[in-house]
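Residue numbers (the working numbering), protein chains in the order written: chain A, 1 to 101; chain B, 1 to 180.
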Amino acid sequence: MTIVQFVLVGSALFSIGLFGVLTRKNAVLILASVELMLAAVNINLVAFDVYLQDPIHAGQIFSLFIIALAAAEVGIGIAIVLMIYRNRQSADPDDLRLMRG
Amino acid sequence: MTITLSDWLRESANWVFLLIALPTLFGAVMTVTSQNIVRAVLYLVVSLGGTAALFLMLGAEFVGWTVVLVYIGAVIILFLIGIMITRAPLGTNAALSHDTNVTRPAALLSVVFLGIVAWGFIDAFGADAIEPFEPTPTADLADAIFTRFVIPFEVVSIVLLAALVGGIAIARRDDEGVSS
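Below, the structure is given as structure tokens:
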């Protein structure tokens, strides 16, 4: 096993998530694409943690923090989408043009 | 140092890797392209399950099972609840993605980004092999979290609590006192 094969899967997942964030029109699906990007970062962290034989496993612990913060982010994100939907009857971020001059 | 593809394929662990990585990437592609919103989220399960399997392959057992519990167990349910509450169209609907005038530049940007990052990693690490390793004992992670990383751990706890309270405060219906 080489380090590059894991890192390349992570990079590909990140690129796919980037594509999803740029092209999706539904706020829930944009959040799902962000989850893909965070999962990609986790793969890189764990792969380098194993590759570098870190005695305190900082990479794995950091990925655990990212998992916890991603869960918090999704909770807040869904709550915001819910509130926007309640006020404007739409889950499309492009419909929110109140700040446009 | 270079290794050829046939050398790489001679190692049996790499076949396991391909068996995990290809469904992972397929699930990710379907997540961002599927025109059925529920199916897109269910393909996310495939992709995240694949990442959990990659963690297990790297010996990171605790992280792998945490991904299964937190992502597949909780976050996916949250997504499905979000979809159902916003009453997004549950069937096939073309309005889930932008038109080609957005998707084409986005695809180009993603591919260019992947090319640059992949070139950088291959240039820097080439064919460096991962040394044989033992699975990470969860006790080692616990020792590190509660000694070296105890302050970040507490900060994450407070962030989670704040997110919980904030989520309830945002999503709560504020109509006590309002006649409805």
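Ideal placement from N, C-alpha and C gives every residue a C-beta, glycine not left out.
Exposure label - residue i; buried when at least 16 CB within 10 Å
i: Asn87 (chain A); result: exposed
i: Val46 (chain A); result: buried
i: Leu29 (chain A); result: buried
i: Gln53 (chain A); result: exposed
i: Ala79 (chain A); result: buried
i: Gly126 (chain B); result: exposed
i: Phe19 (chain A); result: buried
i: Ser6 (chain B); result: exposed
i: Gly64 (chain B); result: buried
i: Ser179 (chain B); result: Since pLDDT at Ser179 (chain B) reaches only 47, below the 50 mark, its modelled position is unreliable, and the value read off the structure follows with that caveat. So Ser179 (chain B) ends up on the exposed side.
i: Gly59 (chain A); result: buried
i: Val41 (chain B); result: buried
Within 8 angstroms, strictly: CB atoms of residue i and residue j
i: Ile76 (chain A); j: Val32 (chain B); result: no
i: Ala67 (chain B); j: Phe79 (chain B); result: Looking at the sequence provided, one finds Val at residue 67 (chain B) rather than Ala. For Val67 (chain B) and Phe79 (chain B), no; Cβs fall outside 8 angstroms.
i: Met83 (chain A); j: Ala171 (chain B); result: yes
i: Ser90 (chain A); j: Leu114 (chain B); result: no
i: Ile61 (chain A); j: Ala60 (chain B); result: no
i: Asn42 (chain A); j: Thr51 (chain B); result: yes
i: Ala72 (chain A); j: Glu35 (chain A); result: no
i: Ile67 (chain A); j: Val70 (chain B); result: yes
i: Gly8 (chain A); j: Ala169 (chain B); result: Here residue 8 (chain A) is Leu; the residue named in the question, Gly, does not match the sequence. No, the Cβ-Cβ distance between Leu8 (chain A) and Ala169 (chain B) is not below 8 angstroms.
i: Gly27 (chain B); j: Val81 (chain A); result: no
i: Ile122 (chain B); j: Tyr51 (chain A); result: no
i: Asp128 (chain B); j: His57 (chain A); result: no
i: Val74 (chain A); j: Val75 (chain B); result: yes
Residue i versus residue j - alpha carbon distance
i: Tyr85 (chain A); j: Thr23 (chain A); result: 20 angstroms
i: Met57 (chain B); j: Asn36 (chain B); result: 32 angstroms
i: Gly166 (chain B); j: Leu64 (chain A); result: 22 angstroms
i: Trp15 (chain B); j: Thr4 (chain B); result: 15 angstroms
i: Ala21 (chain B); j: Leu98 (chain A); result: 43 angstroms
i: Val3 (chain A); j: Ala32 (chain A); result: It is Ile, not Val, that sits at residue 3 (chain A) in the sequence shown. If I take the Cα positions, the gap works out to 27 angstroms.
i: Ala124 (chain B); j: Phe14 (chain A); result: 19 angstroms
i: Leu48 (chain B); j: Leu38 (chain A); result: 10 angstroms
i: Ala162 (chain B); j: Ala13 (chain B); result: 43 angstroms
i: Pro103 (chain A); j: His98 (chain B); result: For chain A, the structure presents residues 1 to 101; residue 103 (chain A) sits outside this window and is missing.
i: Ala142 (chain B); j: Ile158 (chain B); result: 19 angstroms
i: Val45 (chain B); j: Ile72 (chain B); result: 6 angstroms
i: Asn44 (chain A); j: Phe6 (chain A); result: 7 angstroms
i: Leu164 (chain B); j: Arg173 (chain B); result: 16 angstroms
i: Ser34 (chain B); j: Tyr43 (chain B); result: 9 angstroms
i: Arg39 (chain B); j: Ala95 (chain B); result: 15 angstroms
i: Trp8 (chain B); j: Leu160 (chain B); result: 43 angstroms
i: Val102 (chain B); j: Pro132 (chain B); result: 45 angstroms
i: Phe146 (chain B); j: Phe62 (chain B); result: 15 angstroms
i: Ile77 (chain B); j: Ala27 (chain A); result: 16 angstroms
i: Asp49 (chain A); j: Ala107 (chain B); result: 31 angstroms
i: Glu11 (chain B); j: Ile85 (chain B); result: 48 angstroms
i: Leu96 (chain A); j: Pro55 (chain A); result: 48 angstroms
i: Arg148 (chain B); j: Pro135 (chain B); result: 21 angstroms
i: Thr100 (chain B); j: Met30 (chain B); result: 17 angstroms
i: Lys25 (chain A); j: Pro105 (chain B); result: 16 angstroms
First and last residue of the uninterrupted alpha helix (DSSP H) at residue i
i: Gly73 (chain B); result: First-last for Gly73 (chain B): undefined, no H or E at that position.
i: Thr138 (chain B); result: 138-146
i: Ala40 (chain A); result: 27-52
i: Gln5 (chain A); result: 3-23
i: Met83 (chain A); result: 58-88
i: Ser97 (chain B); result: Taken as a continuous stretch (DSSP letters only), Ser97 (chain B) belongs to no alpha helix (DSSP H), as it is neither H nor E.
i: Leu98 (chain A); result: Note, Leu98 (chain A): premise wrong, no alpha helix (DSSP H); not H, not E.
i: Phe26 (chain B); result: 12-33
i: Pro152 (chain B); result: 150-171
i: Ile37 (chain B); result: 37-57
i: Phe62 (chain B); result: 61-67
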